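The sequence shown lines up with residues 2 to 318 when you count with the working numbering.
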Amino acid sequence: MSNLAIETLSLGRSFGSNIAVGGVDIAVRKGEIYGFLGPNGAGKSTTVRMLCTLLRPTSGAAKVAGFDVIDTPEKVRLRIGVAMQEAALDDKQSGREILEFQGRLFGLDAKTRRERVEKAIHLADIGDSIDDWVRTYSGGMKRRLDLAASLVHDPQVLFLDEPTTGLDPISRVRVWEEVRRLNRENGVTVFLTTQYLEEADELADRVGIIDRGRIVEEGTPTELKRAVGSDLIVVELSGDIERAAEIARSLRDVSEVTAGSNGLAISTNDAAALISTVAVAFNQHGISANSLTIRTPSLDDVFLRATGHRLSTESVQ
Ligand SMILES: Nc1ncnc2c1ncn2[C@@H]1O[C@H](COP(=O)(O)OP(=O)(O)OP(=O)(O)O)[C@@H](O)[C@H]1O
Ligand SMILES: [Mg+2]
Numbered sequence: 002m003s004n005l006a007i008e009t010l011s012l013g014r015s016f017g018s019n020i021a022v023g024g025v026d027i028a029v030r031k032g033e034i035y036g037f038l039g040p041n042g043a044g045k046s047t048t049v050r051m052l053c054t055l056l057r058p059t060s061g062a063a064k065v066a067g068f069d070v071i072d073t074p075e076k077v078r079l080r081i082g083v084a085m086q087e088a089a090l091d092d093k094q095s096g097r098e099i100l101e102f103q104g105r106l107f108g109l110d111a112k113t114r115r116e117r118v119e120k121a122i123h124l125a126d127i128g129d130s131i132d133d134w135v136r137t138y139s140g141g142m143k144r145r146l147d148l149a150a151s152l153v154h155d156p157q158v159l160f161l162d163e164p165t166t167g168l169d170p171i172s173r174v175r176v177w178e179e180v181r182r183l184n185r186e187n188g189v190t191v192f193l194t195t196q197y198l199e200e201a202d203e204l205a206d207r208v209g210i211i212d213r214g215r216i217v218e219e220g221t222p223t224e225l226k227r228a229v230g231s232d233l234i235v236v237e238l239s240g241d242i243e244r245a246a247e248i249a250r251s252l253r254d255v256s257e258v259t260a261g262s263n264g265l266a267i268s269t270n271d272a273a274a275l276i277s278t279v280a281v282a283f284n285q286h287g288i289s290a291n292s293l294t295i296r297t298p299s300l301d302d303v304f305l306r307a308t309g310h311r312l313s314t315e316s317v318q
């Protein structure tokens, strides 16, 4: 038996001339939490939908829980749980009805169903509202219900498509804790997509960074960040960024310079020692920086290095 829960080979999907996913190779071990990190339109949901047998690939192949998604979709479906980005919940059912329906759909006997639904109700954590119509629920309640519903049949592999988008910080941390617990206690393999750097950093054993349908980096968060360098000097500037990058590259003790749309990221082993050298060099060449700051690399720096642009729009260069 393979020790892989998810395995893809050049898996791709086009919509007409638009290549949503351009042939990705992914190998997720059993028991792993794999984070699929990328911006809007990168191809995250399309990948998840192919792995969950909701969408047919136009190229390549994939196996989930040991079964081919194209040849044996029903075998895959029995073994996976899915909480999609847009929770598809029937407004005119109560939370409890949705959970029970899920149990029946997967053919659980009455006793098991009762136990699992009780557990799921506890997990959804929506109190007495569990008997109200779903249409009265907040976005956060719907997301938690959807997550709980995806677990009723005790899946081996859980797919979560942006599980915390739109949640407040407290609900977000609660989802993280639940994902960790399921993974640790039940050994569930988790494939989770996210646009949030902290989420990938916090939760994932390994991260694949996807941009424009391609995986541009993959590794543990620590490995990926270490590859950027031990320290970063972040320079915000509006002038000639390429020229500033050239000047920075010519300095001693600079390991790497990445130019982005509003400045530079300079990797070095000792930013505190280098920062004044950078400031003086820019000054001598008439380059005026808006700010120079020191920090340790984040996954956003990994993203910038791999793609030339930042993932988070709010972060400074
Ligand atoms: N059913 C579809 N028909 C046509 N194009 C599609 C369809 N689904 C996705 N696409 C296109 O495929 C590309 C990838 O979309 P996808 O939904 O996989 O991105 P994503 O990474 O999940 O983005 P987001 O973070 O916004 O959810 C986009 O260009 C999108 O417009
Ligand atoms: Mg999506």
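For glycine and all other residues, C-beta sits at the position ideal for the given N, C-alpha and C.
Keep in mind the model is a prediction, meaning the values are calculated, not measured.
Which residue comes first and which comes last in the beta strand (DSSP E) that contains residue i?
| i | result |
| --- | --- |
| Thr137 | Element bounds for Thr137: n/a, residue is neither H nor E. |
| Val236 | Asp232 to Glu237 |
| Ser256 | Val255 to Gly261 |
| Arg244 | Segment Ile242 to Arg250 is the alpha helix (DSSP H) holding Arg244; no beta strand (DSSP E) there. |
| Thr194 | Thr190 to Thr195 |
| Val158 | Val158 to Asp162 |
| Thr9 | Leu5 to Phe16 |
| Ile267 | Gly264 to Thr269 |
Can you name the start and end residues of the alpha helix (DSSP H) that residue i belongs to?
| i | result |
| --- | --- |
| Ile27 | First-last for Ile27: undefined, no H or E at that position. |
| Leu109 | Leu109 -> no alpha helix (DSSP H), and no H or E assigned at all. |
| Glu87 | Per DSSP, Glu87 belongs to no alpha helix (DSSP H) and is neither H nor E. |
| Ile276 | Ala272 to Gln285 |
| Lys76 | Pro74 to Arg80 |
| Ser172 | Pro170 to Asn187 |
| Arg227 | Pro222 to Val229 |
| Glu199 | Leu198 to Leu204 |
| Ala307 | Leu300 to Thr308 |
| Thr297 | Element bounds for Thr297: n/a, residue is neither H nor E. |
| Arg50 | Lys45 to Leu52 |
From residue i to residue j, what does the alpha carbon distance come to, in whole angstroms?
| i | j | result |
| --- | --- | --- |
| Gly23 | Gly36 | 18 Å |
| Gly140 | Ser251 | 52 Å |
| Ser313 | Ala307 | 14 Å |
| Gly167 | Val279 | 40 Å |
| Val153 | Glu247 | 57 Å |
| Val255 | Thr223 | 21 Å |
| Thr297 | Met142 | 36 Å |
| Ala28 | Thr9 | 7 Å |
| Val303 | Ser292 | 21 Å |
| Arg144 | Ala88 | 7 Å |
| Glu119 | Asp72 | 35 Å |
| Leu90 | Ser239 | 47 Å |
| Ala290 | Pro40 | 28 Å |
| Ile234 | Glu199 | 20 Å |
| Arg173 | Arg30 | 25 Å |
| Asn187 | Leu109 | 18 Å |
| Leu225 | Leu275 | 23 Å |
| Glu178 | Ser18 | 40 Å |
Using a threshold of 8 Å, state whether the C-beta atoms of residue i and residue j are closer than that.
| i | j | result |
| --- | --- | --- |
| Ile288 | Val25 | no |
| Val1 | Met51 | Residue 1 lies beyond the range of the chain shown here (2 to 318); nothing can be said about it. |
| Phe192 | Ile7 | yes |
| Pro164 | Ala273 | no |
| Leu265 | Ala245 | yes |
| Glu219 | Arg207 | yes |
| Leu38 | Thr47 | no |
| Leu146 | Ile81 | no |
| Arg181 | Leu204 | yes |
| Ala260 | Glu243 | yes |
| Thr190 | Glu75 | no |
| Gly61 | Leu124 | no |
| Asp162 | Gln86 | yes |
| Arg14 | Thr59 | yes |
Label residue i either buried or exposed according to how many other C-beta atoms from any shown protein chain fall within 10 Å of its C-beta, with 16 as the threshold for buried.
| i | result |
| --- | --- |
| Ala111 | exposed |
| Phe16 | exposed |
| Arg117 | buried |
| Ala66 | buried |
| Ser3 | exposed |
| Gln103 | buried |
| Val49 | buried |
| Gly128 | exposed |
| Arg114 | buried |
| Glu101 | buried |
Report the option in the options whose CA atom is closest to the CA atom of residue i.
| i | options | result |
| --- | --- | --- |
| Asp232 | Ser299, Ala62 and Asp241 | Ser299 |
| Lys64 | Ala260, Ile276, Val158 and Gly104 | Val158 |
| Ile295 | Leu79, Arg311 and Asp271 | Asp271 |
| Gly42 | Cys53, Ile211 and Ala290 | Ile211 |
| Asp133 | Glu179, Arg114, Arg145 and Arg97 | Arg97 |
| Leu305 | Gln103, Ser268 and Leu275 | Ser268 |
| Ala121 | Leu183, Val174, Asp72 and Thr137 | Leu183 |
| Ser130 | Tyr138, Leu124 and His123 | Tyr138 |
| Asp301 | Gln196, Val49, Arg175 and Gln103 | Gln196 |
| Val229 | Gln94, Phe68, Val258 and Ile34 | Val258 |
| Asp92 | Leu161, Leu124, Thr194 and Arg136 | Arg136 |
| Gly309 | Leu109, Asn263 and His286 | Asn263 |
| Gly214 | Thr194, Lys31, Ser18 and Lys45 | Lys45 |
Any Cβ of chain C within less than 8 Å of the Cβ of residue i?
| i | result |
| --- | --- |
| Asp301 | No chain C appears in the structure shown, which is made up of a single protein chain. |
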